[in-house]
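Undergrad: The following block contains the structure, expressed as structure tokens.
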Amino acid sequence: MARLADIDESLRKPLEGLDCPTFEAPAWVTGPKLNQRRVAIISTAALSTRSDKTFAVGEADYRVIPGNTAGDDLVMSHVSPNFDRTGFQQDLNVVFPIDRLRELADEGVIGSVADYHYSLMGSTDPTLLAPAVERLVPLLKKDAVNTLLLAPV
Amino acid sequence: MCGLGHLFEKQGIATTVVSLIRLHAEKIAPPRCLWVPFALGRPFGPANDAPFQQRVVRAALELLERDDGPVLEDFPDDEPSNSEGETAWSCPVSFARSAEVLTGAAAVRQSLLDEIAAMQPWYEQARQRDGRTTVSCGVEDLESIATVMASMFEDELPASPDADRSLAEAMRPRAEDLKAFMLEAASAQPGNPTSTELNDWFWNETQTGDILQRLRHVCIAQEAADMKTLGFLLVPLARHIAPDVAA
Numbered sequence: 016m017a018r019l020a021d022i023d024e025s026l027r028k029p030l031e032g033l034d035c036p037t038f039e040a041p042a043w044v045t046g047p048k049l050n051q052r053r054v055a056i057i058s059t060a061a062l063s064t065r066s067d068k069t070f071a072v073g074e075a076d077y078r079v080i081p082g083n084t085a086g087d088d089l090v091m092s093h094v095s096p097n098f099d100r101t102g103f104q105q106d107l108n109v110v111f112p113i114d115r116l117r118e119l120a121d122e123g124v125i126g127s128v129a130d131y132h133y134s135l136m137g138s139t140d141p142t143l144l145a146p147a148v149e150r151l152v153p154l155l156k157k158d159a160v161n162t163l164l165l166a167p168v
Numbered sequence: 196m197c198g199l200g201h202l203f204e205k206q207g208i209a210t211t212v213v214s215l216i217r218l219h220a221e222k223i224a225p226p227r228c229l230w231v232p233f234a235l236g237r238p239f240g241p242a243n244d245a246p247f248q249q250r251v252v253r254a255a256l257e258l259l260e261r262d263d264g265p266v267l268e269d270f271p272d273d274e275p276s277n278s279e280g281e282t283a284w285s286c287p288v289s290f291a292r293s294a295e296v297l298t299g300a301a302a303v304r305q306s307l308l309d310e311i312a313a314m315q316p317w318y319e320q321a322r323q324r325d326g327r328t329t330v331s332c333g334v335e336d337l338e339s340i341a342t343v344m345a346s347m348f349e350d351e352l353p354a355s356p357d358a359d360r361s362l363a364e365a366m367r368p369r370a371e372d373l374k375a376f377m378l379e380a381a382s383a384q385p386g387n388p389t390s391t392e393l394n395d396w397f398w399n400e401t402q403t404g405d406i407l408q409r410l411r412h413v414c415i416a417q418e419a420a421d422m423k424t425l426g427f428l429l430v431p432l433a434r435h436i437a438p439d440v441a442a
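Note that the protein sequences, when read in sequence, are chains A and B. Going left to right, the first sequence walks through residues 16 to 168 as the numbering used here numbers them. Going left to right, the second sequence walks through residues 196 to 442 as the numbering used here numbers them.
In structure tokens form, the structure reads like this:
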């Protein structure tokens with residue numbers, strides 16, 4: 016039910032009119048077979064652990080989510096009121112599918128799950144997120160991550 | 196989200212993106228993208244449906260086996276119908292929302308406290324069921340939140356309750372905590388309420404929802420830009436009601 020036609024007009028109009036950035040000469044990174052990939056989740060749901068700082072309006076930084084974070088320790092501070100939170104409230108995998116990734120690793124579909132995952136806040140111009148991405152890349156490489164599952168909210 | 200796909204690939208890490216807005220995925224054209232026809236806020240499908248969620252994750256990851264791109268694939272299925280069921284759920288706790296506008300901070304505070312007390316047992320049920328809660332993003336207890344929230348209806352706005360952030364920045368997480376408490380609590384009640392039913396109930400039937408609607412008008416009437424922004428963020432666009440109707 017997230018087809019644009021099904022979304023209330025008050026939200027649909029801004030979504031349709033959103034100025035989307037274009038990316039010249041897009042890169043295309045190849046990699047090993049899926050069963051040899053180490054996968055991290057990057058969520059734009061503004062997730063953080065309880066002990067970390069929550070997200071503020073307009074923020075373009077990231078938060079670290081250790082892979083062993085307990086469900087009760089994961090909170091969401093996204094500023095937009097315009098999406099359903101009840102799914103995440105009942106099951107974090109609705110937004111942050113860490114248990115599903117672990118199952119796929121156990122089944123041998125993917126190679127492994129990263130030790131650390133990260134969250135930023137959507138509703139932010141992606142070009143403003145570029146500095147955060149540049150800071151994240153060395154951390155991901157230290158964790159031997161070669162694949163990202165990018166999750167919206 | 197789609198833009199991040201480009202940014203990370205440019206830095207040498209392969210990506211696969213899940214997108215909820217196909218139009219944006221078409222325009223931004225990330226290297227690999229799976230569009231899912233689910234409600235905003237539920238990118239991997241309904242809560243507590245592991246097989247369905249795993250299908251979504253797997254479909255997104257399998258795009259990594261394509262030889263060239265950009266790839267924009269549609270997930271073939273809608274969310275299972277029970278995530279937006281057709282049964283009529285109604286909250287067994289009636290708050291008898293008054294037709295009269297609550298006036299004064301004391302009345303607002305008492306109204307919030309009454310609802311918190313009525314929903315507390317259900318909240319505990321939900322917390323036990325899920326083994327977690329999303330309430331309390333490091334702010335304070337709900338009774339204190341009710342007091343701070345009520346103070347927004349005094350003749351003059353209060354000082355920020357937090358030394359390290361403005362009044363607007365301090366109020367938003369408190370409002371989110373109230374919403375999360377009420378919605379988590381209601382989700383534990385009999386009848387397996389859907390997201391739509393829960394949100395209809397919150398915004399149409401509770402004093403807390405009504406108070407947030409009126410707080411929105413208080414905020415947007417202020418001169419300070421951050422207070423106007425707060426007003427914009429308190430209530431979903433689809434739930435905005437005019438000042439003379441909010442009561």
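The C-beta atom is built at its ideal place from N, Cα and C for all residues, glycine as well.
By a C-beta neighbour count over all protein chains shown, 10 Å radius and 16 as the cutoff for buried, is Leu-425(B) buried or exposed?
TA: Buried: at least 16 other Cβ atoms inside 10 Å.
Undergrad: Suppose the cutoff is 6 Å on Cβ atoms and the five residues either side in sequence are ignored; what does the same chain contact list for Ile-415(B) look like?
TA: Closer than 6 Å at the Cβ level, and outside the excluded window around Ile-415(B), lie Lys-423, Gly-426.
Undergrad: Kindly indicate which three-state DSSP category Arg-150(A) falls into: helix, strand or coil?
TA: DSSP places Arg-150(A) in helix when its eight states are reduced to three.
Undergrad: Examine the Cβ distances between the region 100-120 of chain A and the region 224-242 of chain B and report whether three or more of them are shorter than 8 Å.
TA: Segments in contact, yes.
Undergrad: In angstroms with no decimal places, state the Cα-to-Cα distance between Gly-264(B) and Leu-49(A).
TA: If you take the alpha carbons of Gly-264(B) and Leu-49(A), they lie about 17 Å apart.
Undergrad: Under 8 Å by Cβ, that's how I've got Leu-432(B) and Phe-376(B) pegged, so tell me the actual separation to the nearest angstrom.
TA: No, Leu-432(B) and Phe-376(B) are not in contact; Cβ-Cβ is about 22 Å, not under 8 Å.
Undergrad: Go ahead and label Pro-316(B) buried or exposed: buried means 16 or more other beta carbons lie within 10 angstroms of its beta carbon, across all protein chains shown.
TA: By the 10 Å Cβ count, Pro-316(B) comes out exposed.
Undergrad: Do three or more CB pairs link the region 199-218 of chain B to the region 227-240 of chain B at distances below 8 Å?
TA: Yes, they touch.
Undergrad: Distance, Cα to Cα, Arg-65(A) vs Lys-374(B)?
TA: Using only the alpha carbons, I get a separation of about 18 Å.
Undergrad: What three-state label does DSSP hand His-93(A) in the structure shown?
TA: Residue state, collapsed to three classes: coil.
Undergrad: Taking 7 Å as the CB-CB limit, is Ile-223(B) close to chain A?
TA: Answer yes: the Cβ-Cβ gap between Ile-223(B) and chain A drops below 7 Å somewhere.
Undergrad: Can you pull the chain A neighbours of Asn-243(B), defined as C-beta to C-beta under 7 Å?
TA: The contacting residues are Gln-105, Asp-106.
Undergrad: Of all Cβ atoms in chain B, is any one closer than 7 Å to the Cβ of Gly-187(A)?
TA: This structure gives no information on residue 187(A), because the portion of chain A shown stretches from 16 to 168.
Undergrad: At 4 residues or longer, what runs of the alpha helix (DSSP H) sit wholly inside the region 395-420 of chain B?
TA: You should have 402-415.
Undergrad: Using a C-beta cutoff of 7 Å, does Thr-64(A) count as contacting chain B?
TA: Output row for Thr-64(A): interface = no.
Undergrad: Check for me: the beta strand (DSSP E) holding Thr-211(B) runs from which residue to which?
TA: Note, Thr-211(B): beta strand (DSSP E), 209-214.
Undergrad: Quick one: is Ile-406(B) near chain A, going by C-beta distance under 7 Å?
TA: No, Ile-406(B) lies away from the interface with chain A (no Cβ there is under 7 Å from its Cβ).
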